[in-house]
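Each residue of the sequence shown is one higher than the last, beginning at 1 in UniProt numbering.
Virtual Cβ for every residue (Gly too), placed ideally from N, Cα, C.
Quick caveat, the model's predicted, so the values are computed rather than measured.
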Amino acid sequence: MDNLHYRTMRAGDQEVVKGMILAFYEEAGGGEFMNAGMVERTFEQLARHPDYGSVVVFEAAGRIIGYALLINFWSNEYGGIVLNIDELYVVPDRRGGGVGTAFIGHLAAGHLGDFAALKLEVLPYNRRALRLYQKLGFEKSDRDFLMRVKPWEGRPQP
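Below you can see the structure in the form of structure tokens.
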């Protein structure tokens, strides 16, 4: 797959990755809930607190073709670190070519750490992604996912 490799995002990658993050939300129909300031805040927090997680870029032939926003947390229930794949994005011209599948395989093989579980979310209407993740061994949870969001300055409100 033309020398596909993964690495932690560098400062010089931030503008490209920020554009991809905004595209990710726009394509998912939630562009109004994300803005450049929010992305920059995430980059700042991860730089300040690398134990929270990281942004991994997918690079092929010298070009960034995707990214994953990875957030770690300890789970008593699963007895270890759960790696939450908060976002996974591949540029449109590289979709369907195995980039996402290869990255999940990379994670599952332990190349970025030893995790008790991998976790991700899929929008209900994204049947294609759901089928892919199920094929890769992910299962629907037997729990409902609930959230209470604290408003903060700069975050667009639904």
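Item: What would DSSP say about V99, mapped onto helix, strand or coil?; Value: helix
Item: Which of the three DSSP states, helix, strand or coil, is assigned to A28?; Value: coil
Item: I'd like to know whether the C-beta atoms of Y103 and A129 end up nearer to each other than 8 Å.; Value: Looking at the sequence itself, residue 103 is Phe, so the reference to Tyr does not match. Contact: no.
Item: To the nearest angstrom, report how far apart E121 and D144 are at their CA atoms.; Value: 12 Å
Item: Drop a sphere of 10 angstroms on the beta-carbon of L88, count the other beta-carbons inside from all chains shown, and report buried for 16 or more, exposed for fewer.; Value: buried
Item: Compare the beta carbon distance of I85 and W74 with 8 Å and say whether it is the shorter of the two.; Value: no
Item: From E59 to L107, what distance separates their C-alpha atoms?; Value: 16 Å
Item: Which ranges would you report for the beta strand (DSSP E) in the UniProt domain "N-acetyltransferase" (4-158) if only whole runs of at least 3 residues count?; Value: 5-8, 53-60, 63-75, 80-90, 117-120
Item: Looking only at its chain, what residues have a beta carbon closer than 6 Å to the beta carbon of I65, apart from the 5 residues adjacent to it on each side?; Value: F58, V91, R94
Item: For V56 versus T8, is the C-beta spacing smaller than 8 Å?; Value: yes
Item: Taking the Cβ atom as the reference point for each residue, do Y78 and A109 lie within a distance shorter than 8 Å?; Value: no
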